[in-house]
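Numbering of the sequence shown is given in full-length UniProt numbering, commencing with residue 1 and proceeding in unit increments.
Beta carbons are placed, not taken as given, at the ideal position from N, Cα and C, and that holds for glycine.
Just so we're clear, the structure is a prediction, and the values are computed from it rather than from any experiment.
Everything on this sheet refers to the single structure shown next.
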Amino acid sequence: MKKIVISTGGGDAPGLNAVIYAVVHSCYRRGWEVYGSRNGYGGFLDTDELVQLYPRDVEGIYSTGGTILGSTNKGNPFATPVENLAGEIQIVDVSDKIINNFKRMGFDCHIAIGGDGSLDIAHRFAEKGMPVIGVPKTIDNDLSQTNRTFGFDTAVSTATEALDKLHSTAKSHNRVMVVEVMGRDSGWIALYSGISGGADVILLPEIPFDMEAVCDKIADNELHDKDYSIVVAAEGAVTRDGQRFNKGKGELGRDEMILGGVAEWVAKEIARRTGKDTRSLVLGHLQRGGSPTTFDRLLALRFGAAAVRLVEENIFGHMVALIDSQMVAVPITEAIQVRKKVDLTSDKVMTAREVGICLGDSNK
Ligand code: F6P
C-alpha cells in the first residue's frame, strides 16, 4: 500500500481537475491512499488543509475548470512572506517543516502539478529528500521537455472564438482591433489563435516588433479593399527597441506591471500613425477559465495516470511529458531550465507568413 499526496500550484489551467481525477482513480484501483493538499502546500503545514480523496469526491470533475484543491497561488514555501507581531513582513523558509510533516504523515510520494515555478519548488523538495513526481501545467505551453502542456488547447480555443467574434464588429466599423492574449515569455497562444482566427498581424515575444511593419500591413489591407484589421499581441511582446509591457517580479517576488498592456500601447500607436479608428481589449483570465477541451482532458488524464505508474516504478524527481504522442518521464531539472519558445523556422510560422500575416517584422 502506498500513500500519495497531490498538490496544484501556480496559475490555474483547464485540466487540473482531470489530472486529480486520474490520480485518484489510478491510486484507488491499486489499493493506495491518496490525499489532496489544499491551497498549494497548505496540507503539508496544517492537517485541516489535507483531504483524503476517494473516487466519489472526484466524480465528474474531469470536465470542469479550475482546481478542487483551492487557490493555487499560495507562494513559495522556501520564501514565504509572514507578518510578525510588529506588523512587519518577514520572509520565512518553511521547507523543513514541510519535509518533516511529509515524513511524519507517512507519505510515499508527492505528485506536484504545476508550471515552471511550482516544478522548481518541487525539485527543491526532491533535493531535500522528498520523492516527487511533476505534472506539467501551463496554458502558455512554454515548458521545455514536453510537446504540450494541458490548458493550452482550451486557451487557444477561447482566444480563437473571441477573434472570430471580433471580425464582424471590426468590419462593421472599419476599425483596427488589437487583442492581447496571454503568453508572458512565449507566443504560442498568440500564434495558434492568431492563425486560426484570421489575424492580420501577430506579435510574439520571440520576434521584436516594429510599428512601421504593423502599420504597413494595415495600409496594405486598405489597398486591397479591406478596411478593418485584427492584431493579436502576446502580452510578452516587445518592440524592436526593447520596450516591454508585461509583468516583472516586484517586491516579495510578486508579479507587477511594468507598463500598461501591449494591446493598449499598440492600439494608440496605430491610431496616432494611421488615423484609423482603433480599439484594444485584453482577453486575460478568460483564457484560463472554463471546461477543458477534449484534447486537454485526455492529455491531463494521461498525465495523471502516467504519474501514478511512475510512483509504482519508483521513478522520482521526474516529470511526466508528452513526446511524439507518447507518455515519457523526463528529469524535472531539464524541464525547468529554459522556457520553450516558438520555433521561428517551424511550419506554423511559415504558414502565418504564407497566408499573409505580418509578424511585426519586415520579413514577408
Ligand atoms: O503563466 C500563465 C499565465 O497565464 C501567464 O500567461 C500570465 O502572465 C499569468 O499566468 C497571469 O497570472 P496571474 O493570475 O498572476 O495574473
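Of the heavy atoms belonging to ligand 1, at least one sits nearer than 6 Å to the Cβ of THR138. Under the 10 Å beta carbon count, GLY115 is surrounded by 16 or more other beta carbons and is classified as buried. Contact check for MET327 against ALA352 fails: the beta carbons are separated by 7 Å or more. Look at PRO205 here: in three-state DSSP terms it is coil, with no helix or strand label. The alpha-carbon of LYS128 is positioned some 8 Å away from that of ILE99. Under the three-state reduction of DSSP output, GLY114 falls in the strand class. The bridge partners DSSP lists for SER280 are VAL178. Between the alpha carbons of SER362 and ALA219 lies a gap of roughly 14 Å. Relative to ligand 1, ARG273 has its C-beta separated by 6 Å or more from all heavy atoms. In the DSSP annotation of this structure, the continuous segment of the alpha helix (DSSP H) that includes TYR21 starts and ends at 16-29.
The region 302-322 makes contact with the region 132-140: 3 or more CB pairs, one atom from each, lie closer than 8 Å. Judged by beta-carbon spacing, SER186 lies beyond the 7 Å limit of THR160, meaning their Cβ atoms are not closer than that value. The DSSP-derived three-state label of SER71 is coil. Residue state for ASN221 is assigned as helix, using DSSP reduced to three classes. Taking the Cα of PHE102 as reference, the smallest distance to any Cα among ASP120, ALA300, GLY43 is reached at GLY43. Relative to ligand 1, the beta carbon of ARG148 is positioned no closer than 6 Å to any heavy atom. Cβ-Cβ separation between ARG184 and ASP120: approximately 15 Å, too far for a contact (criterion under 8 Å).
Annotation for LYS268: the continuous alpha helix (DSSP H) segment containing it runs 262-274.
LYS3 has GLU33 as its beta-bridge partners, per DSSP. The beta-carbon separation of GLN52 and TYR28, rounded to 11 Å, does not stay under the 8 Å limit for a contact. Contact between VAL231 and VAL266 holds: their C-beta atoms lie close to 6 Å from each other, under 8 Å.
Segment contact: the region 3-16 against the region 143-162, three or more CB-CB distances shorter than 8 Å; contact assigned. Rounded to the nearest whole angstrom, the C-alpha separation of SER172 and CYS358 is 23 Å. Judged by DSSP secondary structure, GLY134 falls outside any alpha helix (DSSP H) and instead within the beta strand (DSSP E) spanning 132-136. Across the structure, VAL92 and PRO331 are spaced so that their CA atoms are roughly 28 Å apart. As computed with DSSP, MET319 is found in a beta bridge with GLY134, VAL330. Scanning its chain for C-beta atoms nearer than 6 Å, with the 5 sequence neighbours on each side dropped, one finds around SER229 the residues VAL176, ASP200, ILE218, ASN221, in chain order. Beta-bridge annotation (DSSP): VAL156 is not paired with any residue. For THR80, the enclosing beta strand (DSSP E) has its first and last residue at 80-83. Placement of the Cβ of ARG244 at a distance of 6 Å or more from every heavy atom of ligand 1 is found. In the DSSP assignment, ILE89 is bridged to GLU83.
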